[in-house]
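Single-structure report; data block below.
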Amino acid sequence: MRQLKEISSPGLQQMKSQRRFADYGFMVAFFILLIIAATMTDVFFTQRNLSNLFRQIVTNGLLSFGMLIVILSGGIDLSIGPIVALTGIMAAGLQAYMWFPFAIIIALLVGITVGAANGFLVARFKLQPFIVTLATMGAIRGIVYVYSETPKVPTDPAFRALLGGGFIGPVPIPALIMIGFLPLVWLFLNRTTMGRAIVAIGGNEEAVRLAGINVRGHLILAYVISGFFAGMAGVLLASRLGIAQPSVGVGYELDAIAAVVIGGGILGGGGGSAIGTMGGVLALGVIDNLLNLFNVQSYYQQILKGLIILFAVLARRKEL
2 MRQLKEISSP GLQQMKSQRR FADYGFMVAF FILLIIAATM TDVFFTQRNL SNLFRQIVTN
62 GLLSFGMLIV ILSGGIDLSI GPIVALTGIM AAGLQAYMWF PFAIIIALLV GITVGAANGF
122 LVARFKLQPF IVTLATMGAI RGIVYVYSET PKVPTDPAFR ALLGGGFIGP VPIPALIMIG
182 FLPLVWLFLN RTTMGRAIVA IGGNEEAVRL AGINVRGHLI LAYVISGFFA GMAGVLLASR
242 LGIAQPSVGV GYELDAIAAV VIGGGILGGG GGSAIGTMGG VLALGVIDNL LNLFNVQSYY
302 QQILKGLIIL FAVLARRKEL
């Protein structure tokens with residue numbers, strides 16, 4: 002308590018001002034990016050391109066929601082890419098044996114189970130989240146290749162028509178699903194006891210434990226939610242592509258981390274929001290879309306994403 006009192010009000014105000022400045026700076030940069038997009042190409046604001054843009058950001062949007070919650074808890078989840086591949090393969094492959102909604106449910110349960118395993122190892126044995134999820138990432142990637150006997154698995158046409166290929170008006174159904182989760186994540190983090198506890202754990206785990214809150218259970222919950230969103234992303238991606246490939250998901254964790262950091266998240270816990278993360282997803286989506294329109298090679302895109310993460314972290318270095 003004494004240490005908390007030593008933090009002066011001007012110091013807190015300065016920290017908040019720095020955070021607002023960084024957030025406003027990224028908002029201005031995003032609007033400048035839209036202006037550049039409008040001036041450099043006539044294709045960007047067409048209905049067809051915007052529809053493609055929203056379909057393309059769905060995977061990263063869902064993954065970023067889960068990554069946000071894990072980062073707010075003070076952790077990180079590097080296993081989401083392989084979970085996307087595993088759940089996509091399962092949702093597609095199991096349709097040969099059962100009605101596709103049941104296949105989807107099983108795939109989501111697999112994602113949740115992997116998340117629970119990650120959370121249990123982190124919370125119960127006090128292992129570093131980076132090491133745990135890195136090990137899980139390698140193990141699941143191997144399981145994906147063992148599970149998939151062929152590189153491509155065709156999906157049920159109804160599976161693709163109802164989810165990945167469906168539209169409500171001009172808006173793709175996967176985009177509506179992603180947007181629908183945005184207020185739910187916001188409500189969870191800001192209006193529920195469990196969400197607030199997860200955020201508090203990332204800020205000061207020992208203080209939360211001394212307050213009598215079940216730290217272990219809330220940490221496991223954070224990774225369970227991340228696993229659920231990764232499973233949902235895998236199902237929707239397989240539905241959109243019409244095939245399930247064991248090689249998908251490589252590098253997806255980097256995109257999710259980038260979106261969270263750009264949106265105001267602080268690695269190690271202590272800051273981040275659902276709305277800010279959605280803004281980060283949109284910013285990355287616009288950048289990817291522009292680079293694709295100008296036929297920029299994918300490895301240059303990865304370089305740019307790495308620089309964006311570095312810049313975003315540096316912009317908030319005084320908050321860490």
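The working numbering numbers the first residue of the sequence shown as 2 and each following residue consecutively.
Idealized CB from N, CA, C, for every residue including glycine.
Values in this document were obtained by computation on a predicted structure and should not be read as measured data.
Within the segment 49–133, complete beta strand (DSSP E) segments of at least 3 residues are not found at all. Pro247 has no beta-bridge partner at all, per DSSP.
In the assembly as shown, Lys306 is a buried residue. Its beta-carbon has 16 or more other beta-carbons within 10 Å.
Beyond the five residues adjoining it in sequence on each side, Ala108 comes within less than 7 Å, by CB distance, of Thr88, Met91, Ala92, Gly232, Gly235, Val236 in the same chain, given in chain order. By the criterion of at least three beta-carbon pairs nearer than 8 Å, the segment 46–62 is not in contact with the segment 110–125. Residue range 275–294 is occupied by the alpha helix (DSSP H) that includes Gly280. At a Cβ-Cβ threshold of 8 Å, Ile113 and Phe189 do not count as neighbours. By the 16-neighbour rule on beta-carbons within 10 angstroms, Asp43 is exposed.
The three-state secondary structure of Val44, taken from DSSP, is coil. Phe55 places its beta carbon less than 8 Å from that of Ala176.
Annotated as proximal: Tyr224 and Asp78, with beta-carbon spacing under 8 Å.
Excluding sequence positions up to five before and after Leu95, its CB lies within less than 7 Å of the CB of Ala104, Ile107, all in the same chain and listed in chain order. Around the Cβ of Arg142, a 10 Å sphere holds 16 or more other Cβ atoms; the residue is buried. For Val216, the secondary structure class from DSSP, reduced to helix, strand or coil, is helix. For Ile310, DSSP records no beta bridge to any residue. By the CB criterion at 8 Å, Phe101 and Phe160 fall inside the cutoff.
About 12 Å separates the CB atoms of Leu185 and Met279; that is not less than 8 Å, and the two are not in contact.
Judged by beta-carbon spacing, Gln48 lies within the 8 Å limit of Pro171, meaning their Cβ atoms are closer than that value.
Between the segment 119–128 and the segment 267–286 there are fewer than three inter-stretch CB-CB distances shorter than 8 Å, so the stretches are not counted as touching.
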